[in-house]
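The listed protein sequences correspond, in order, to chains A and B.
With our numbering as the guide, the letters of the first sequence map in order to residues 29 to 139.
With our numbering as the guide, the letters of the second sequence map in order to residues 9 to 480.
Encoded as structure tokens, the structure appears first; notes follow it.
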Amino acid sequence: MANKILIPLYGNDVAPRFDLATEVLITDLDENREEKIVVLPQASAEQLCSLVMAEEVDVVVCSGIEEEYYQYLTWKRVKVLDSVIGPWESVLERFYKGRLKSGDILCDKKG
Amino acid sequence: MDTLQRSQIKGLFSFPIDLQPLIDEIPLSIVVLDTNRRIVMLNRALEALTGFSKEEASGIPCHHILRSKICLKRCPAMHMNEESEPVCVESDLINRDRKLIPVRINLASLKDSNGKVKGFLETVEDTRPIRELSASINQAYSFAQLKGRSPQMEKIFQILPVLAQSDSSLLVTGETGTGKDLVAEAIHQASSRAKGPFVKVNCGALPETLLESELFGHQKGAFTGAVENKPGRFRLAHNGTLYLTEIGDLPFSLQVKLLTFLDDQVVYPLGSDKGFQANVRVIAATHRNLEQMVSEGRFREDLLFRLNVVRIHLPLLREREGDIRLLLDHFLNSLTSRFRKNIKGFSKKALRILMDYQYPGNVRELRNVIEYAVNVCQEGKIQPHHLPAYLTETRPLIKETYTVKEQVSPPIQSGLNEHKLHETEQTWTDLERKMIMNALVKTRGRRSKTAALLGWGRSTLWRKMKQYGIDQ
């Protein structure tokens, strides 16, 4: 079972780009789903990958991610759910229900 | 999306027309945003570029779909007002296929009759083709991936664009590592078929029965195991180029079938009597001497004539004057930046070795040698000990495997080597003989003392003396 989740953030939403995120949310199922937000010194896909490895994250939920980093994380046995759009709280809620998959759009559609 | 499809343009004609089909036909990616920068409408080209459908994207903030760097850093729409002029910015986006695509974004505001901003029109242009074009223009002494400044290669570079524009069958010959695959791909990319597929088949890689079904396809039930229809490579290459490499290894029976195709351009899959009219340009390549194979009865003469409409022969690297140095520098530059090494160049000794080597494996071998050296060398200049050992050891005799008669360069170099080796052998034999004689003289013919003096056992001395006829 995947326990530790990382979501790159852009305001209240999942960041549109993995490589441009300067904030990430990390939450752990083992520790009462306690959520912590980490602010990164600068946006960098490499640094974010290092953080994923250092934090021993099991699942990364993001939107746009380059193939290189997707393959790297997958190779390191990190599950990546990409092209997920929406507020991180809704995304996390769906994840906890075991229903989140790549390409899910949880945004309010207006207009 | 029904409402979107019903958006209409009035006043253009005497009757209203649907907007969506109109913008779908425009090959440039277009998106219409409202004042909150949510997507109102997008066209088919933008769907293809981003990977998001109209249904998915509609009503969503633009930055979630476009995923462009500019959206997140300084969205131009944020600061647009009634007076603002359209803006054009270079950026990049990551599409749903996880590809980073450089783009040029044009943004203009949409105003109502009172001049109030009611939305935005954004066009997104994929700049990859422009970048590739300018990159290839900027590279001197090259055509696509082929590099060279020797007169032989210049001739080839001059003729390649001309050949690319024609639709004739093409035969590329040359030894292994000379760049036959690169020529085929470059011709495809420079031709009007560039947007079509480039399908490569190695005729020597598959057994005859499999190759037939691979090339021409099969009908469901044509043979045991044919559980569904297979289109075949000819069909897959429709409107593109089919590259048949190692054509010399094509089995005789399939040569007839290929011949039939080249004549009438119709493919008959195995087990089917229905033909498919395939619009395919065939490029064939081989390192074998097809003329010789024809005379030996191993290759059909009529097929050779049909393939040989246009022929390009790629010269051996050692015959390309000045190209070894150019390629050494080219591969050193590209590989050092790829491996992120700080290598300044070649030392004089290393360069001498590299320039003197014969490269029987041609450009591929040269590239591999440099890749090895770049991996081994940590920084500074590439020294002889960074090169593969076989370059610095006794030079191997070049195996004369040339098959095309006119390709055979006079084996002067290898002849010299052979001669030198023979000479060295003779000298050593003489030297050893002399050494034994001197020792014998010193010890006044006493063999046990001679053996001790030479550091040999008695039996070795006896054997050597017998070998040189000294004991007689």
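A virtual CB, placed ideally from N, CA and C, is assigned to each residue, including glycine.
No experiment lies behind these values; they were computed from the predicted model shown.
Shorter than 8 Å from the beta carbon of residue i to some beta carbon of chain B?
{"i": "A:Lys137", "result": "yes"}
{"i": "A:Ser118", "result": "no"}
{"i": "A:Ser91", "result": "yes"}
{"i": "A:Glu51", "result": "no"}
{"i": "A:Ile35", "result": "no"}
{"i": "A:Glu95", "result": "yes"}
{"i": "A:Tyr38", "result": "yes"}
{"i": "A:Leu57", "result": "no"}
{"i": "A:Leu48", "result": "yes"}
{"i": "A:Tyr98", "result": "yes"}
{"i": "A:Pro115", "result": "no"}
{"i": "A:Ile133", "result": "yes"}
Please state whether DSSP places residue i in a helix, a strand or coil.
{"i": "B:Lys124", "result": "coil"}
{"i": "B:Val209", "result": "strand"}
{"i": "B:Thr409", "result": "Bear in mind that a pLDDT of 40 at B:Thr409, under 50, signals an unreliable position, so the number given afterwards is only what the model happens to contain. Coil."}
{"i": "A:Pro44", "result": "coil"}
{"i": "A:Ser130", "result": "coil"}
{"i": "B:Asp189", "result": "helix"}
{"i": "B:Leu179", "result": "strand"}
{"i": "B:Glu130", "result": "strand"}
{"i": "A:Asp136", "result": "coil"}
{"i": "B:Pro350", "result": "Contrary to the premise, residue 350 of chain B reads as Asn rather than Pro in this sequence. If DSSP states are grouped into helix, strand and coil, B:Asn350 belongs with the strands."}
{"i": "A:Asp110", "result": "coil"}
{"i": "B:Ser158", "result": "coil"}
{"i": "B:His321", "result": "strand"}
{"i": "B:Thr482", "result": "With chain B running from 9 to 480 in the structure shown, residue 482 of chain B is simply not present."}
{"i": "B:Arg314", "result": "helix"}
{"i": "B:Thr432", "result": "Per-residue confidence for B:Thr432 stands at a pLDDT of 44, beneath the threshold of 50, marking its modelled position as unreliable; the derived number appears in the next sentence. B:Thr432: helix per DSSP, three-state reduction."}
{"i": "B:Gln197", "result": "helix"}
{"i": "B:Pro418", "result": "Legend: pLDDT at B:Pro418 = 31, less than 50; position of this residue unreliable, value from coordinates given subsequently. Coil."}
{"i": "B:Arg466", "result": "helix"}
{"i": "B:Ala397", "result": "helix"}
Hey, residue i and residue j are a contact pair by Cβ (cut 8 Å); roughly how many whole angstroms apart?
{"i": "B:Phe224", "j": "B:Lys265", "result": "7 Å"}
{"i": "B:Val132", "j": "B:Ile113", "result": "5 Å"}
{"i": "B:Ser493", "j": "B:Asn51", "result": "No statement about residue 493 of chain B is possible, as the shown extent of chain B runs from 9 to 480 and does not include it."}
{"i": "B:Ser177", "j": "B:Arg314", "result": "6 Å"}
{"i": "B:Val180", "j": "B:Val170", "result": "Not really, about 15 Å apart at Cβ, beyond 8 Å."}
{"i": "B:Leu334", "j": "B:Gly156", "result": "7 Å"}
{"i": "A:Leu34", "j": "A:Val88", "result": "5 Å"}
{"i": "A:Phe46", "j": "A:Ile93", "result": "4 Å"}
{"i": "B:Arg75", "j": "A:Pro36", "result": "So it is not a contact: roughly 12 Å between Cβ atoms."}
{"i": "B:Pro392", "j": "B:Ile361", "result": "6 Å"}
{"i": "B:Asp331", "j": "B:Met161", "result": "6 Å"}
{"i": "B:Phe347", "j": "B:Lys389", "result": "No, B:Phe347 and B:Lys389 are not in contact; Cβ-Cβ is about 16 Å, not under 8 Å."}
So is residue i buried or exposed if we call it buried at 16+ other beta carbons inside 10 Å?
{"i": "A:Asp41", "result": "buried"}
{"i": "B:Glu140", "result": "exposed"}
{"i": "B:His196", "result": "buried"}
{"i": "B:Leu429", "result": "Any answer about B:Leu429 is weak, because its pLDDT of 40 lies below 50 and its placement is not dependable; what the coordinates show is given next. Its Cβ having fewer than 16 others within 10 Å, B:Leu429 is exposed."}
{"i": "A:Asn31", "result": "exposed"}
{"i": "B:Asn370", "result": "buried"}
{"i": "B:Thr249", "result": "buried"}
{"i": "B:Thr253", "result": "buried"}
{"i": "B:Pro277", "result": "buried"}
{"i": "A:Val67", "result": "exposed"}
{"i": "B:Phe231", "result": "exposed"}
{"i": "B:Gln263", "result": "buried"}
{"i": "B:Ile255", "result": "buried"}
{"i": "B:Gly127", "result": "buried"}
{"i": "B:Ile34", "result": "exposed"}
{"i": "B:Gly19", "result": "exposed"}
{"i": "B:Glu64", "result": "buried"}
{"i": "A:Trp116", "result": "buried"}
{"i": "B:Lys163", "result": "exposed"}
Any beta-carbon of chain A closer than 8 Å to the one on residue i?
{"i": "B:Pro404", "result": "Low per-residue confidence applies at B:Pro404: pLDDT is 45, beneath 50, and the placement is therefore not dependable, though the value from the model is reported in the following sentence. Not an interface residue."}
{"i": "B:Cys83", "result": "no"}
{"i": "B:Pro419", "result": "In this predicted model, B:Pro419 has a pLDDT of only 30, less than 50, meaning its place in the structure is not dependable; the value taken from the coordinates is given anyway. Judged by the 8 Å Cβ criterion, B:Pro419 is not in contact with chain A."}
{"i": "B:Lys124", "result": "no"}
{"i": "B:Arg136", "result": "no"}
{"i": "B:Leu298", "result": "no"}
{"i": "B:Glu91", "result": "no"}
{"i": "B:Glu130", "result": "no"}
{"i": "B:Gln28", "result": "no"}
{"i": "B:Ile68", "result": "yes"}
Any Cβ of chain E within less than 8 Å of the Cβ of residue i?
{"i": "A:Glu63", "result": "Among the protein chains of the structure shown, namely A and B, there is no chain E."}
request  = Jot down the residue ranges of each uninterrupted beta strand (DSSP E) in the stretch 233-282 of chain B, minimum 3 residues, whole runs only, in chain order.
outcome  = Taken in chain order, the whole beta strand (DSSP E) runs of length 3 or more contained in the stretch 233-282 of chain B are 249-253.
Residue ranges of each alpha helix (DSSP H) within the stretch 28-108 of chain B, 4 or longer = 52-58, 62-65, 70-74 and 77-82
task = Could I get the ranges of all uninterrupted alpha helix (DSSP H) runs contained in the stretch 35-101 of chain A, with 4 residues as the minimum, in chain order?
result = Secondary structure remark: continuous alpha helix (DSSP H) runs of at least 4 residues inside the stretch 35-101 of chain A, in chain order: 73-82.
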